[in-house]
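Visitor:
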Amino acid sequence: MTANRRVCVIGAGPCGMSFLYHNNQLKVAGKECADVVCYEKQSNWGGLWNYTWRTGTDEQGNVCHGSMYRDLWSNGPKECLELHDYTFDDHFGKAIPSFPPRAVLFDYLQGRWNKSNLRNYITFNTNVQRVTYNKETDDFTVMTKDLSNDKDLPPERFSHVIVATGHFSVPKVPSFEGIDKFPGRILHSHDFRRANEFKGQRILIVGSSYSAEDIAMQCRKMGSDNVIISYRRKPTNYHWHNGIEERPPLTRVDGSTIHFNDGTTADVDAIILCTGYLYNFPYLPDSLRLKTALELYPAGLYKGTVWMGDGNNKLLYLGMYGQYYSYTMFNIQAEWASAVVSGHKQLPTREDMESDIRIWRRKQEQLDGRFDEIAFQSDFGCDLAKEVGCTYDIDVRTLFNKWENDKRKNIWTYRDHAYTSVHTGKSGIKHHTPWSRAYDDSVDTFVNQTPNKY
Ligand code: FAD
Ligand code: NA7
34 MTANRRVCVI
44 GAGPCGMSFL
54 YHNNQLKVAG
64 KECADVVCYE
74 KQSNWGGLWN
84 YTWRTGTDEQ
94 GNVCHGSMYR
104 DLWSNGPKEC
114 LELHDYTFDD
124 HFGKAIPSFP
134 PRAVLFDYLQ
144 GRWNKSNLRN
154 YITFNTNVQR
164 VTYNKETDDF
174 TVMTKDLSND
184 KDLPPERFSH
194 VIVATGHFSV
204 PKVPSFEGID
214 KFPGRILHSH
224 DFRRANEFKG
234 QRILIVGSSY
244 SAEDIAMQCR
254 KMGSDNVIIS
264 YRRKPTNYHW
274 HNGIEERPPL
284 TRVDGSTIHF
294 NDGTTADVDA
304 IILCTGYLYN
314 FPYLPDSLRL
324 KTALELYPAG
334 LYKGTVWMGD
344 GNNKLLYLGM
354 YGQYYSYTMF
364 NIQAEWASAV
374 VSGHKQLPTR
384 EDMESDIRIW
394 RRKQEQLDGR
404 FDEIAFQSDF
414 GCDLAKEVGC
424 TYDIDVRTLF
434 NKWENDKRKN
444 IWTYRDHAYT
454 SVHTGKSGIK
464 HHTPWSRAYD
474 DSVDTFVNQT
484 PNKY
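Residue numbers for the sequence shown follow my numbering, beginning at 34 and rising by one.
1) Which value, in whole angstroms, describes the spacing of the CA atoms of Y487 and D473?
2) For E406, which residues in the same chain have their Cβ closer than 7 Å to its Cβ, ignoring the five residues on either side in sequence?
3) With distances taken from CA atoms, which of T159, N77 and N364 is nearest L116?
4) Buried or exposed, going by whether 16 or more other CB atoms sit within 10 Å of the CB of R441?
5) Does the distance from the C-beta atom of Y102 to that of R218 stay below 8 Å?
6) May I ask you to list the residues that DSSP assigns as paired with A303?
7) Starting from C71, follow the beta strand (DSSP E) in both directions and report where the run begins and ends.
8) Which class does T431 belong to by DSSP, given the choice of helix, strand or coil?
9) Taking the C-alpha atoms as reference points, what is the distance between F479 and S460?
10) Is the CB of M362 under 8 Å away from at least one CB in chain D?
11) I'd like to confirm the pairing. Which residues does DSSP put opposite C41 in its beta bridges?
12) Nearest to G309 by CA position, among L321, A197, V239 and K111, is which residue?
13) Following the continuous alpha helix (DSSP H) through V476, name the residue where it begins and the one where it ends.
14) Any idea which residues DSSP pairs D172 with across the strands?
15) Please confirm whether N270 and P282 have their CB atoms less than 8 Å apart.
16) From the DSSP output, in three-state form, read off N56 for me.
17) In whole angstroms, what separates the C-alpha of Q143 from that of N57?
18) Judging by CA-CA distance, which residue of K267, D385, N108 and R190 is the nearest neighbour of W445?
19) Does the pairing of the segment 121 to 128 with the segment 136 to 151 give three or more beta-carbon distances under 8 Å?
20) Count the other CB atoms, across all protein chains shown, that sit within 10 Å of the CB of N481; report buried if there are 16 or more and exposed otherwise.
21) Does the Cβ of G402 lie closer than 7 Å to at least one heavy atom of ligand 2?
22) Throw me the rounded Cβ distance for the F52 and L351 pair, which I believe falls under 8 Å.
23) Can you check the segment 260 to 287 for any alpha helix (DSSP H) of at least 4 residues that lies completely inside it and give the ranges in chain order?
24) With 16 as the cutoff for other CB atoms within 10 Å, does N443 come out buried or exposed?
25) Let me make sure I understand the geometry here. Which of G49, A128 and K148 has the alpha-carbon closest to that of F157?
26) Determine the direct distance from the alpha carbon of I195 to that of K205, and round the result to whole angstroms.
27) With DSSP run on the structure shown, which of helix, strand or coil describes L154?
28) Among S375, F173 and V455, whose alpha-carbon lies nearest the alpha-carbon of I43?
29) Using the DSSP secondary-structure output, state which residues sit across from W340 in a beta bridge.
30) Terminal residues of the continuous alpha helix (DSSP H) containing E125?
31) Say yes only if the C-beta of T478 is nearer than 7 Å to one or more non-hydrogen atoms of ligand 1, and no if none qualify.
32) Bridge partners of V206, per DSSP?
33) Within this structure, are the beta carbons of V476 and V137 separated by less than 8 Å?
34) For ligand 1, is there any heavy atom lying closer than 7 Å to the beta carbon of W340?
35) For D426, which residues from the same chain have a beta carbon less than 6 Å from its beta carbon, with the 5 sequence-adjacent residues on both sides left out?
36) Counting pairs of Cβ atoms below 8 Å between the segment 221 to 236 and the segment 244 to 262, do you hit three or more?
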């Protein structure tokens, strides 16, 4: 039963797919649901999890979406992103270790999507070029392009638009004095594809967040000579050893010599800018466009979702926060969004929505460090869960706290720990090879626990 709602979902990554999943669940249950079309510019679903070797532009000459690299393993325990209605045991039929490689997580996601035949809702190789809100008719016009045939398609009208195009694809690239004369390779983490390329080299990593710590370890693991991580405002404060060290902000580059603001210098062969990403929605006009830095609760979105600018509450964003929680948060947010879109959940008055945003953003201002941030995002997830009358436990802050503590104890071994699923009560098994010596990231080697091939 469709509820006279025609919804355009932009992007078939984990967020867009979560929306398709929940709308389909309503349909299967015989409840009112929306008529949904999802446009995906790539030829497959999965968003960032759909690995590409390409950098720069894709096969059609558009900005390459992918930012993941070979040998990328989950940076959080799988038990923190496990879906209650489709556990890892359900998918693989057996216990697996807690920190899977990218391909294993992609396989898991696809299992749930295939089970509900969600591919049917997606129009692939189709780029959303422009979205406009029509005040008179209170709906949206969406302009798309068939990328395979280089052809603009006729405009389509929709009652709602769901923005699910991610925010880790357009690199934020700062400049530094003298960097233009640096003789070695300079790249942003968005274009990092394989650490082997940097074997035997001395590497400078700029930035101190997730990409910085993981790419530093990847490079050392694959044989880089040594790695320096240079922070701007906050050091990672992990106990770096084994060829990785942390230094303060870099002040200038002089040939291959890097100068840091404590007066020290270092000679390096390559610079990897792990300096984060820009939110980028080139298909949205200013009145519909979220403009923010990376935050846990960006301004202008009720429940992190409903756009408070133009669009009469019918433009919704998914996944636009900094992400401790990922799949489970996308899932609950999409469940909430599909309830709103299909009319099962009414929005409060505008004043109440604004006041709710203010409360969350005030709480966000008080946060001090990662444990606080984990608690904040857990509360946000629980709030959405309460809104949709969710009966399972979405709150895995205890697991996230353990994870953060494991990293603080030893950053090199945090991926070797096992965690217990809140849904099955079972623990992940120990992997046959410690992460620092595991060179084969294939599904077969990981899931079937066959020993290292290399
Ligand atoms: P995306 O995955 O980015 O998907 C967005 C989709 O929108 C893409 O398919 C894209 O092609 C499509 N699209 C974009 N523009 C258009 C357009 N104009 N028209 C049509 N389609 C369009 N999360 C974890 O949980 N664990 C991890 O270990 C982890 N590691 C990460 C490592 C890296 C290097 C990065 C960058 C992120 C990592 N993440 C990780 C976080 C990741 O952001 C989420 O897991 C997830 O991919 C976000 O899903 P999304 O749907 O919001 O966005
Ligand atoms: P993040 O988390 O946005 O981090 C960006 C880092 O880059 C952060 O440490 C910033 O320091 C630093 N940064 C930003 N601008 C500069 C300049 N100008 N100079 C020096 N350092 C700078 O991005 P990531 O890529 O690490 O993570 C994004 C996702 O990818 C995440 O979900 C992971 O799972 C993988 P700051 O603290 O702002 O001073």
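C-beta atoms are modelled at their ideal positions from N, C-alpha and C, and glycine is treated no differently.
Guide: If we stick to the structure as given:
1) Confidence is the limiting factor: at Y487 the pLDDT is only 44, short of 50, which leaves the residue's position unreliable, though a coordinate-based value still follows. Separation of Y487 and D473 (C-alpha to C-alpha, rounded to the nearest whole angstrom) is 7 Å.
2) Hits under 7 Å: L329, Y357 and L400.
3) Among T159, N77 and N364, the Cα nearest to that of L116 belongs to N364.
4) In summary, R441 is exposed, with fewer than 16 beta-carbon neighbours lying within 10 Å of its beta-carbon over all protein chains present.
5) One thing to note: Y102 has its Cβ no nearer than 8 Å to the Cβ of R218.
6) Its beta-bridge partners are R218 and I236.
7) Looking at the DSSP string, the run of the beta strand (DSSP E) that includes C71 is C66 to Y72.
8) In the structure shown, T431 sits in a helix (DSSP, three-state: H, G or I).
9) Roughly 16 Å between the two C-alpha positions.
10) The structure shown contains no chain D; it holds only a single protein chain.
11) DSSP output for C41 lists V70 and V194 as bridge partner(s).
12) That would be V239, whose Cα lies nearest to the Cα of G309.
13) V476 to V480 is the extent of the alpha helix (DSSP H) around V476.
14) Its beta-bridge partners are N167.
15) In this structure, P282 does not lie closer than 8 Å to N270 by Cβ.
16) Helix at N56.
17) Distance between the alpha carbons of Q143 and N57: 15 Å.
18) Residue N108 is the option with its Cα nearest to W445.
19) Yes: at least three Cβ pairs fall under 8 Å.
20) Its Cβ having fewer than 16 others within 10 Å, N481 is exposed.
21) G402: no, Cβ never under 7 Å from ligand 2.
22) So it is a contact: roughly 6 Å between Cβ atoms.
23) Fully enclosed alpha helix (DSSP H) runs of 4 or longer: not present.
24) Exposed, because fewer than 16 other Cβ atoms sit within 10 Å of the Cβ of N443.
25) Among G49, A128 and K148, the Cα nearest to that of F157 is on G49.
26) Between K205 and I195, the C-alpha separation is close to 25 Å.
27) The sequence shown places Tyr at residue 154, not Leu. For Y154, the secondary structure class from DSSP, reduced to helix, strand or coil, is helix.
28) When only C-alpha atoms are compared, the closest one is F173.
29) W340 pairs with L334.
30) In the sequence as presented, Glu is not what sits at residue 125; that position holds Phe. Annotation for F125: the continuous alpha helix (DSSP H) segment containing it runs F121 to F125.
31) Outside the cutoff, so no.
32) DSSP lists no bridge partner for V206.
33) Against a cut-off of 8 Å, the Cβ pair of V137 and V476 comes out as a contact.
34) No, the beta carbon of W340 sits no closer than 7 Å to any heavy atom of ligand 1.
35) These residues qualify, in order along the chain: V455.
36) Contact between the segment 221 to 236 and the segment 244 to 262 is present, because at least three Cβ pairs lie under 8 Å.
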